[in-house]
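Here the sequence shown is numbered in the numbering used here, starting from 14 and rising by one per residue. Ideal Cβ positions, reconstructed from N, Cα and C, are used throughout, including at glycine.
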Amino acid sequence: MLKLIERLGPIEASQATDTLTLPYELRIRGRLKATSDADHELGLFLDRGPVLRDGEGLRAESGEIVRIRAAIEPVVTARIEAGLPLARLAYHLGNRHVQLALGEDTHGSYVRFPPDHVLEELAALLGATLERHEAPFDPEPGAYNQLGRTLPHSHDHGHAHDHGHYHGHHHAH
Numbered sequence: 014m015l016k017l018i019e020r021l022g023p024i025e026a027s028q029a030t031d032t033l034t035l036p037y038e039l040r041i042r043g044r045l046k047a048t049s050d051a052d053h054e055l056g057l058f059l060d061r062g063p064v065l066r067d068g069e070g071l072r073a074e075s076g077e078i079v080r081i082r083a084a085i086e087p088v089v090t091a092r093i094e095a096g097l098p099l100a101r102l103a104y105h106l107g108n109r110h111v112q113l114a115l116g117e118d119t120h121g122s123y124v125r126f127p128p129d130h131v132l133e134e135l136a137a138l139l140g141a142t143l144e145r146h147e148a149p150f151d152p153e154p155g156a157y158n159q160l161g162r163t164l165p166h167s168h169d170h171g172h173a174h175d176h177g178h179y180h181g182h183h184h185a186h
């Protein structure tokens with residue numbers, strides 16, 4: 014079994030000796046046994062957290078490089094006019110704390126998400142045209158996790174956490 018232990022970020026297809034195609038639900042895992050597209054046994058031994066992105070390279074202990082591919086899976090693509098309507102759609106769907114892929118193609122801009130009747134109804138109410146189909150799902154990594162990097166995060170909110178408390182003691186005399 015080839016032990017994949019290091020994330021390389023985006024790589025060219027020519028740099029890889031093999032590929033591993035996974036659906037989104039498996040690309041969020043750091044530990045996984047899988048079979049490569051060339052039928053080799055693989056084991057992922059990676060840090061937890063960052064999603065494996067389509068086109069990302071992984072280095073094995075022995076030096077081989079495997080390129081990740083996003084699998085074709087069921088998705089919903091919501092299309093709406095660019096500008097404020099698209100921003101509003103992305104805001105309201107994102108406010109549901111679901112993973113979203115944002116993109117554009119020859120038909121215009123879109124927001125893509127896994128099938129979910131509640132999200133589909135919300136998108137339709139906001140004026141989006143929905144297409145249920147199969148396509149790669151590679152959602153946005155998020156501002157705090159761009160390209161697998163974590164930005165510094167501070168818990169200092171600019172004020173002390175020691176607050177006075179009034180207990181309203183009343184003494185009758």
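(message) Tell me the DSSP secondary structure of residue 54 in three-state form.
(response) Taking the first residue of the sequence shown as 1, we reach residue 54 at position 41. Three-state result, residue 54: strand.
(request) Pull up the distance between the alpha-carbon of residue 27 and that of residue 80, whole angstroms please. (result) The residue you call residue 27 lines up with position 14 of the sequence shown. The residue you call residue 80 lines up with position 67 of the sequence shown. Going by the C-alpha atoms only, they are around 10 Å apart.
(request) Go ahead and pull the three-state DSSP assignment for residue 33. (result) Position 20 of the sequence shown, counting from 1, holds the residue named residue 33. In this structure, residue 33 counts as strand in the three-state DSSP scheme.
(message) Tell me whether the stretch 80 to 96 and the stretch 140 to 152 touch, counting them as touching only if at least three CB pairs, one residue from each stretch, are closer than 8 Å.
(response) yes
(request) Under 6 Å Cβ to Cβ from residue 19, same chain only, skipping five residues before and after it: list those, please. (result) What you label residue 19 is simply residue 6 of the sequence shown in a count that begins at 1. Closer than 6 Å at the Cβ level, and outside the excluded window around residue 19, lie 72.
(request) Just grab the DSSP bridge partners of residue 71 for me. (result) Indexing the sequence shown from 1 puts residue 71 at position 58. DSSP lists 20, 79 as partners of residue 71.
(message) Looking at the strands, I want to know which residues DSSP matches up with residue 126.
(response) By 1-based counting over the sequence shown, the position of residue 126 is 113. Looking at the DSSP assignment, residue 126 forms a beta bridge with 89.
(request) Express the C-alpha separation of residue 85 and residue 15 in angstroms, rounding to a whole number. (result) Translated into the one-based positions of the sequence shown, residue 15 becomes position 2. Translated into the one-based positions of the sequence shown, residue 85 becomes position 72. Cα to Cα, the separation comes out at about 24 Å.
(request) Kindly identify the DSSP beta-bridge partner or partners of residue 149. (result) Here residue 149 corresponds to residue number 136 of the sequence shown, with the count starting at 1. Per DSSP, 85.
(request) Tell me whether residue 160 is buried or exposed, calling it buried when 16 or more other Cβ atoms sit within 10 Å of its Cβ. (result) Position 147 of the sequence shown, counted from the start, is the residue given in the question as residue 160. With a pLDDT of only 46 at residue 160, under the threshold of 50, the placement of this residue in the model should not be trusted; the figure read from the coordinates follows. Looking at its Cβ environment, which holds fewer than 16 other Cβ atoms inside 10 Å, residue 160 is exposed.
(message) Given this structure, state the Cα-to-Cα distance separating residue 47 from residue 32, to the nearest angstrom.
(response) Here residue 47 corresponds to residue number 34 of the sequence shown, with the count starting at 1. Here residue 32 corresponds to residue number 19 of the sequence shown, with the count starting at 1. C-alpha separation (whole angstroms): 11 Å.
(message) Excluding the 5 residues flanking residue 58 on each side, which residues of the same chain have their C-beta closer than 7 Å to its C-beta?
(response) Residue mapping note: residue 58 aligns to position 45 of the sequence shown, counting from 1. For residue 58, where only same-chain residues beyond five positions count, the Cβ hits under 7 Å are 16, 17, 18, 44.
(request) Please report the residue range of the beta strand (DSSP E) in which residue 218 lies. (result) Residue coverage of the chain in this structure runs from 14 to 186, which leaves residue 218 outside it and unanswerable.
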